[in-house]
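Visitor:
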Amino acid sequence: MRERLWWRHLIGLAALAFALIPILFLVSAALNPTGTLSTTSLVPRGASLHNFSKLFHDKNSPYVRWYVNTLVICGTSALLNVLIGVSGAYAFSRLRFRGRRTGLTGILLVQMFPNFISLAALYLTFISIGDVLPAAGLNTSLGLILVYLGGAMGVNTWLLKGYLDTIPKELDESARIDGATEAQVFFRVTLPLASPMLVVVGLFSFVGLLNEILLAGVFLTDTSHKTLAVGLFGLVSGNHNTDYGEFAAGSLLAGIPVVLIYLYLQKYLVKGLTAGAVKG
C-alpha cells in the first residue's frame with residue numbers, strides 16, 4: 001500500500017516547495033544588505049537587518065504610517081463589507097418581495113464588470129464630494145472606504161445567502177413567538193449561527209483589499225495617506241533593481257497580520273469553507 005502512495009507524497013512535497021521557495025527568496029532579499037535582486041539567492045550571504053532599519057528610518061517612506069492606514073482602511077472596509085453583505089443576504093434569504101429574483105440576478109451581472117471601468121466616474125464623483133465634505137473626498141481614508149463599500153453587495157451577498165438558506169427558518173419563527181423583534185432575530189439568532197461564513201467573507205475581503213492597488217493608487221496621492229500596497233509599489237516603480245531590499249522587507253512585514261488572522265481564525269475558516277462547499 002505504501003508503494004502505491006509514494007507519488008502522492010512526491011506531489012505534496014513538490015507543492016510545498018512551490019509554495020515555500022518564493023517566501024524563502026523574499027526573506028533572503030529582505031536580509032540582503034545590497035538591496036538588489038541580482039545578488040539575491042535562496043541562502044542570504046552576509047545577512048543583516050539593514051533593509052529593515054532603512055525601512056523604518058526613511059523619511060520619504062513613512063512605513064509605520066502606511067501600516068496603520070492599511071489596517072484602518074482594510075479592517076473597517078472588511079467589517080462593513082460583511083455587515084452590508086449579510087444584511088442584503090438576510091433580506092434575499094428570509095424575505096419574499098417583488099423583484100427579489102431580479103435583484104439577485106442584477107447583483108450577479110454587475111459583478112461581471114471590473115472596478116477600473118468606473119474609475120473615471122468615481123474620481124469625478126469624489127472630487128465633487130470633496131468640495132462639499134473634504135473629509136470624504138479624494139486623498140482621504142474615508143473616501144477610499146466608501147469606494148470599497150460600493151462592491152459590498154456583490155459576491156458576498158450570494159455566498160452569505162447560500163449559507164443563510166441552510167439555517168432553519170423555524171428558529172426565526174420561534175424567536176418571534178417568544179417576543180423577539182426583527183432586529184433581535186437578525187443579530188441574536190442569525191448572525192451567531194452564520195459566524196463561520198462571516199469570518200470567511202471578512203477575511204477574504206480583508207486580504208483582497210490589502211492587495212488592492214489600482215483604486216488606492218488613484219485616490220491616495222499624499223505620501224502620508226498611502227496604504228502599504230501603494231507605498232511599497234512606489235519604492236520600486238520606475239526604478240530597475242533599486243530599493244528591492246527595502247521593498248522585500250516591507251512586504252515581509254506586511255504579511256504578518258494576515259498570517260496571524262489565519263492562525264487565530266482557522267477553526268472558523270475550516271467550518272465555513274466546508275459548510276459553504278457542501279450546503280451552498
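Sequential numbering of the sequence shown, starting at 1, is according to the UniProt record's numbering.
Beta carbons: idealized from backbone N, C-alpha and C, even for Gly.
Everything numeric in this text was worked out from a predicted model, so none of it was measured.
#1: From T70 to L104, what does the alpha carbon distance come to, in whole angstroms?
#2: Can you tell me where the alpha helix (DSSP H) holding K59 begins and where it ends?
#3: On the three-state DSSP scale, how would you describe K226?
#4: Of all the options G75, M197, I11, which has the alpha carbon lying nearest to the alpha carbon of L149?
#5: Roughly how many angstroms separate the alpha carbons of V236 and L80, rounded to a whole number?
#6: So does T105 have its beta carbon nearer than 6 Å to some heavy atom of the ligand FMN?
#7: Short check: CB of P62 to CB of S251, under 7 Å?
#8: Please confirm if V200 has its CB atom under 7 Å from at least one CB of chain D.
#9: Which residue's Cα is closest to the Cα of L138: G151, M153, L122?
#10: Counting Cβ pairs, one atom from each stretch, are 3 or more of them under 8 Å apart for the segment 193-206 and the segment 177-185?
#11: Considering only the alpha carbon of each residue, which of A30, V147, S77 lies closest to S118?
#12: Going by other Cβ atoms of all chains shown within 10 Å of its Cβ, with 16 needed for buried, is S174 buried or exposed?
#13: According to DSSP, is R45 helix, strand or coil?
Guide: Let me spell this out:
#1: Here residue 70 refers to the residue found at position 70 of the sequence shown. Here residue 104 refers to the residue found at position 104 of the sequence shown. Spanning the two alpha carbons is a distance of roughly 32 Å.
#2: Numbered from its first residue, the sequence shown carries residue 59 at position 59. No alpha helix (DSSP H) contains K59, which DSSP labels as neither H nor E.
#3: Reading the sequence shown from its first residue, position 226 is the one you call residue 226. Three-state result, K226: coil.
#4: Translated into positions along the sequence shown, residue 149 becomes position 149. Each of G75, M197, I11 was checked against the Cα of L149, and the nearest Cα belongs to G75.
#5: Residue 236 sits at position 236 when you count from the first residue of the sequence shown. Residue 80 sits at position 80 when you count from the first residue of the sequence shown. Approximately 32 Å between the Cα atoms of the pair.
#6: The ligand FMN is absent from the structure shown, which contains no ligands of any kind.
#7: The residue labelled residue 62 in the question sits at position 62 within the sequence shown. The residue labelled residue 251 in the question sits at position 251 within the sequence shown. Contact flag unset, no.
#8: Included in the structure is just one protein chain, with no chain D present.
#9: Working through the sequence shown from its first residue, we reach residue 138 at position 138. Among G151, M153, L122, the Cα nearest to that of L138 is on L122.
#10: At 8 Å Cβ cutoff, the stretches do not touch.
#11: In the sequence shown, the residue the question calls residue 118 occupies position 118. Of the candidates A30, V147, S77, the one whose C-alpha sits nearest the C-alpha of S118 is V147.
#12: Within the sequence shown, the letter at position 174 stands for residue 174. So S174 ends up on the exposed side.
#13: If you number the sequence shown from 1, residue 45 lands on position 45. The answer is coil: DSSP assigns R45 none of H, G, I, E or B.
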